[in-house]
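In the numbering used here, the protein residues as written are 1 to 1138.
No residue lacks a Cβ here, since even glycine has one placed at the ideal position from N, Cα and C.
For reference, the structure discussed in these notes is given below.
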Amino acid sequence: MSSLSRELVFLILQFLDEEKFKETVHKLEQESGFYFNMKYFEDEVQNGNWDEVERYLGGFTKVDDNRYSMKIFFEIRKQKYLESLDKHDRAKAVDILVKDLKVFASFNEELFKEITQLLTLENFRENEQLSKYGDTKSARAIMLVELKKLIEANPLFRDKLQFPNLKSSRLRTLINQSLNWQHQLCKNPRPNPDIKTLFVDHTCGQPNGALAPSPSNNPLLGPIPKAGGFPPLGAHGPFQPTPTPVPTQLAGWMTNPPAVTYPAVSGGAIGLGAPANPAAILKHPRTPNTNPAVDYPSADSDHVSKRTRPIGISDEVNLPVNILPVTYPQSHGQAMYTPDDLPKTVARTLNQGSTPMSMDFHPMHQTILLVGTNVGDIGLWDVGTRERLILRNFKVWELGQCSMTFQAALVKDPSVSVNRIIWSPDGSLFGVAYSRHIVQIYSYHGGDDIRQHLEIDAHAGGVNDIAFAHPNKQLCIITCGDDKTIKVWDATNGTKQYTFEGHDAPVYSVCPHYKENIQFIFSTALDGKIKAWLYDNLGSRVDYDAPGHWCTTMAYSADGSRLFSCGTSKEGESFIVEWNESEGAVKRTYQGFRKRSLGVVQFDTTKNRFLAAGDEFLIKFWDMDNINLLTTIDAEGGLPASPRIRFNKEGTLLAVSTHDNGIKILANADGLRMLRAFENRSFDASRTVSEVVSKPIISPMTAAAAAAAVATSSGIADRAIPPVSISAMNGDNRNSVDVKPRITDESMDKARIWKLTEITEATQCRSLRLVDNLRTSKISRLIYTNSGVAILALASNAIHLLWKWPRNERNSSGKATASVSPQLWQPPSGILMTNDITDTNPEEAVPCFALSKNDSYVMSASGGKISLFNMMTFKTMTTFMPPPPAATFLAFHPQDNNIIAIGMDDSTIQIYNVRVDEVKSKLRGHSKRITGLAFSNVLNVLVSSGADAQICVWSTDGWEKQRSRSLQIPSGRTTSNISDTRVQFHQDQIHFLAVHETQIAIYETNKLECVKQWVPPENASRISHATFSCDSQLIYASFLDATVCIFSASNLRLRCRILPAAYLPSNVRTTVHPLVIAAHPLEPNQFALGLTDGGVHVLEPLESEGKWGVAPPAENGSASSMSTPPPAGASSSDQPQR
């Protein structure tokens, strides 16, 4: 409801109170939720009217909204329960316990048990905590003090505890003013008018009994604007009128919309003599509206306000919608097309090699297709010949010309995705918008000839969209980005021409267009706002809410006569609508989407007649003039849940992305004839397609790491095995490399040869990439659920992804496996678990999360507040601890889920009690941010690690620091200033694993001594992450060159190495690598990788092998000092919280 409607409710509340309608007043307070009457609430609590107390509260909050609400309802129900016990009415007490208090058992089972035990006491005051409970009256008074504090602290009650300061009888005053105004408009006003009703406008009768003339016919007053539209810009509007007249079709858009649902005044005038310029209507005196409904507010009122932003997930969400319009001219002859003209037949299947994010056909050459992917690659295909003409990996052309922020971010994380790729109107240029700061413009000269034209450091953060336009008859480039701006650039030299500011969230898409020689740009933002801009500096002409209030893009039909938008709400509901431009209102909403889409729906238009969208693993088509679904096709299967789609300009071909990094080309009859014509041509034999069949490139870092991955050490790295040559690096795909272990006793059998298992191709292991239907973003954190049936990932865009494995004939256990694909799971509500990232920079945020032992809750943060999510419903239970400082690591206490250790970016560790919302202790011992925390439930200690390469041990009894030590960085090795150090306890709970980019080490906790250390050789790729297997017998380690090494934990000897070719497509760039690795909690030989391109891979050895390689023989003197753990899986609480 708008702000003015809200104020009207307050006026009605004041009127009802003055007229002594007491019950109605409180009913309206509760139903509107605008004003919480604390005095009324206190009276009802003191009188013990518990049903009314909860009913009234229910208008403002529910039990599970947040921790404050939960505590409010708990205190009320606990008091009601204690009063029943005090009256010895045990039947009623049991009823309250079962119906009212049991809801809190899932959050704190121990407390619920304690409350239940009160039934066994003759007097509940025998309980120590209730020994001071007095009589009912005093207990209610004490509780009220606590309730008032909770209500005042609850953000849901913010701005609802204070009634506005109004003059008495304000509503009566406004009505009297309106009647006086109406009386002044009478042609023959009487000295003492007899006003008998408010239901119709007042007029004084003519002296001879005739009625007064209609105001619409009064030449002095001017014409009456019609009701129901939007007011145009004018001298009294929020912006001054521009020198260029606004086209009449846009008059309804070029203003702020009405803030309430009552009919407002629009720019279109009724009757003769309407002003030619719609803005001129505002220069006429305002006249009463003939509609009996309240005309409130008017366009030139001081109270016109923008609609409030919808409450939903945070702004920094980067999800794809691909709805670029088809811009070729064509007559609007709809009758000439039938559904048979739709491209439905699969004519080509292309293998791009990485996930297509955006596609666009050349405006002139109907078979030339541009593709941008999730790893920053751009491809140029001739779909007629099935030939990939170009494959370019992402590269910054002039890094020195880019901002230092971008340079630093690229060094920290080089992964980049294409957000949009598009041709210029004549096809001589194409632009690429990347997920990091820049756009690149290429010139196209036919065939495979593309040349670098412009590189622009356009936006801070991601560049979400790019388009071309011709304002002032000059080609320009339009971009928008995460920095909430739209920018216009000269397409010839890259000079910035305009910057449009006004959005409150990252700008998601732009749609330039022109009407009646007026050039303008529509823009949409991640809060669902639509704005429109002329090429001037006078601000936005539109502030409107799109259906769905989230990810929305807009597109015109090919002839520019009809405007459509496609959007997806935060709940997963998708909308395609057609807009009435003259009124700025939705003209029709198309039906046929599933209730909860699995991703953001993709959309395109063609032939001025058809709409198409990718949804539910299908392509759906609509006739533009019919809201009902026309037809659907599955393109012979293999599509993702929400495939990306793109028509060519004639509508004869349709490009559709597939789930296996491919593209299917669908064709209609005309398209098939065109493609067959290409097949019959003879081509120049000199053209090569080496880009299509190029071999995977092994970087020097990979070779170095592979050659020396068997280096080990005892204590400090002083016993490294010399590097051995790896023939597989030269193309030999043998499975093993002969390595002789160093044995100091020369009399031992030197003939004994141990073979290192090396996995070089996909057929040598089981690998499964998990399907993700949301916009790809790097995986920052990864963990298996403790039950082993699901994987939870946290992406860098603050969205959580949960994959669950089905229980079926192929997977009778229902556990995670690489042999069966899981489902990307969402609750029926369709909501996403999304962390708060308000006022944070996603590139600088340090994501973290921790899973409760029963898999019921996940605590998570991405640089903003910490959120507690319910894993079944994905609902945010509460948020707390707004930055600064920001949380960088989270760990649940092994004995009490209500206690969590929170590592902060200011180098402190806060011990926080969730139940009482209190920081119990603040630990100081590090000099940089906390990067790792691990509890030992045997030693009763907490081990912490930081970006300062320090390790500290803290007692969990008094939280004092027991000892600390710096990591032993090998001499000659340089480390970055913010290198993460992670810690994880061994299953014996006495030793722990420390992981740093320069080493893997095993420490003994009591003395904090390093007992084993493995250091990669110089010039080798650095370690990105490592973890124990669930039985602590293995250590899985990932590297920046995408190699995975598997060590025996007892001696840190390498037993198996997995090269990138075994699980990554051959043409994926070497910059794609695992950021995080997670071990299955019950299967020692299963692990998962979270990659920089947003992928999650599950890996297992072949069933015939059963394990990863063979343990290498122990070196003399290198026997482990750790006890050998049992073969069973690790305790569920021992999983590392990454």
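Using 10 angstroms around the beta-carbon of residue 14, count the other beta-carbons present and answer buried if the total reaches 16, otherwise exposed. Its Cβ being crowded by 16 or more others within 10 Å, residue 14 is buried.
What first and last residue would you give for the alpha helix (DSSP H) that runs through residue 180? Run containing residue 180: 170-184, per the alpha helix (DSSP H) assignment.
Around the C-beta of residue 177, are 16 or more other C-beta atoms found within 10 angstroms, so that it is buried, or is it exposed? So residue 177 counts as exposed.
Cα separation between residue 567 and residue 1108? Looking at the two C-alpha atoms, the distance is approximately 46 Å.
C-alpha gap between residue 351 and residue 662, whole angstroms: Straight-line measurement puts the Cα of residue 662 at about 4 Å from the Cα of residue 351.
Need the endpoints of the beta strand (DSSP E) that residue 1193 sits in, please. The chain is shown from 1 up to 1138; residue 1193 falls before or after that span and cannot be answered.
Use the C-beta contact count for residue 1083: other C-beta atoms within 10 angstroms, 16 or more gives buried, fewer gives exposed. Classification of residue 1083: buried, given that the 10 Å Cβ count is 16 or more.
Spatially closest choice to residue 526 from 75, 515, 547, by CA coordinates: Residue 526 has its Cα closest to that of 547, out of 75, 515, 547.
Boundaries of the beta strand (DSSP E) in which residue 26 is found, first to last residue: Boundaries for residue 26: no beta strand (DSSP E) harbours it, while the alpha helix (DSSP H) harbouring it runs 22-32, taken from the DSSP string.
Neighbourhood of residue 214 by C-beta, 6 Å cutoff - its chain only, sequence neighbours within 5 removed: At residue 214 the pLDDT is 38, less than 50, meaning the model places this residue with poor confidence; the figure from the coordinates comes in the next sentence. Around residue 214: no qualifying Cβ.
Distance, residue 630 Cα to residue 624 Cα: Pairing residue 624 with residue 630, the inter-Cα distance amounts to about 10 Å.
Can you tell which of 146, 676, 777, 41 has its C-alpha closest to the C-alpha of residue 367? Comparing Cα-Cα distances from residue 367 to each of 146, 676, 777, 41, the minimum goes to 676.
What number of angstroms, rounded off, separates the C-alpha of residue 8 from the C-alpha of residue 174? Distance between the alpha carbons of residue 8 and residue 174 is about 11 Å.
Simplified DSSP state of residue 1207, which is helix, strand or coil: Because the chain here runs from 1 to 1138, residue 1207 falls outside it and cannot be looked at.
Buried or exposed (CB count within 10 angstroms, at least 16 for buried), residue 938: By the 16-neighbour rule on beta-carbons within 10 angstroms, residue 938 is exposed.
Residues near residue 462 by beta carbon distance below 7 Å, same chain, minus five either side: Here the set comprises 318, 419, 435, 436, 481, 482.
Distance, Cα to Cα, residue 772 vs residue 1095? Cα to Cα, the separation comes out at about 8 Å.
Between the Cα of residue 889 and the Cα atoms of 963, 860, 914, 101, which residue gives the shortest distance? Measuring from the Cα of residue 889, the nearest candidate turns out to be 860.
Leaving out five residues before and five after residue 795 in sequence, what residues of the same chain have Cβ atoms less than 7 Å from its Cβ? Cβ within range, chain order: 777, 778, 779, 780, 801, 1094.
Between the C-alpha atoms of residue 236 and residue 1090, what's the straight-line distance to the nearest angstrom? No answer about residue 236 holds up, because its pLDDT of 31 lies below 50 and its placement is not dependable.
Segments of 3+ residues assigned as beta strand (DSSP E) that fall wholly inside the stretch 136-168: Counting whole runs of 3 or more residues, the stretch 136-168 contains no beta strand (DSSP E) stretch at all.
Check each candidate in 20, 1020, 850, 922 and name the one with the smallest Cα separation from residue 955. Comparing C-alpha distances from residue 955 to each of 20, 1020, 850, 922 shows the shortest one belongs to 922.
Reducing DSSP to helix, strand and coil, say where residue 463 ends up. Three-state result, residue 463: strand.
Quick check for students: name the residue ranges of the beta strand (DSSP E) that lie wholly in the stretch 406-460, counting only runs of 3 or more. Listed in chain order, the complete beta strand (DSSP E) runs (minimum 3 residues) inside the stretch 406-460 are 418-423, 429-434, 438-444, 450-457.
Residue 183: which of 204, 164, 471 sits nearest, CA to CA? Of the candidates 204, 164, 471, the one whose C-alpha sits nearest the C-alpha of residue 183 is 204.
What are the boundary residues of the alpha helix (DSSP H) that includes residue 38? It spans 38-46 - the alpha helix (DSSP H) in which residue 38 sits, taken as one unbroken run.
What three-state label does DSSP hand residue 805 in the structure shown? Residue state, collapsed to three classes: coil.
Helix, strand or coil at residue 351 according to DSSP, with G and I counted as helix: In this structure, residue 351 counts as strand in the three-state DSSP scheme.
Check the DSSP bridge columns for residue 1013 and list the partner residues they point to. For residue 1013, DSSP records a beta bridge to 1001.
To which residues does DSSP link residue 615 through a beta bridge? Looking at the DSSP output, residue 615 shares a beta bridge with 618.
CB-CB under 7 Å to residue 494, same chain, minus the five flanking residues each way: which ones, in chain order? Around residue 494: 454, 456.
With DSSP as the reference, label residue 69 as helix, strand or coil. In this structure, residue 69 counts as helix in the three-state DSSP scheme.
Could you tell me which of 45, 64, 94 sits nearest to residue 106, measuring between CA atoms? Of the candidates 45, 64, 94, the one whose C-alpha sits nearest the C-alpha of residue 106 is 64.
Counting only runs of 3+ residues fully inside the stretch 646-680, write out the beta strand (DSSP E) ranges in chain order. If we require 3 residues or more, the beta strand (DSSP E) runs fully inside the stretch 646-680 come out as 653-657, 662-667.
Tell whether a beta-carbon distance below 7 Å holds between residue 632 and residue 618. At a Cβ-Cβ threshold of 7 Å, residue 632 and residue 618 count as neighbours.
Along the chain, where does the alpha helix (DSSP H) containing residue 116 start, and where does it finish? Boundaries of the alpha helix (DSSP H) around residue 116: 109-117.
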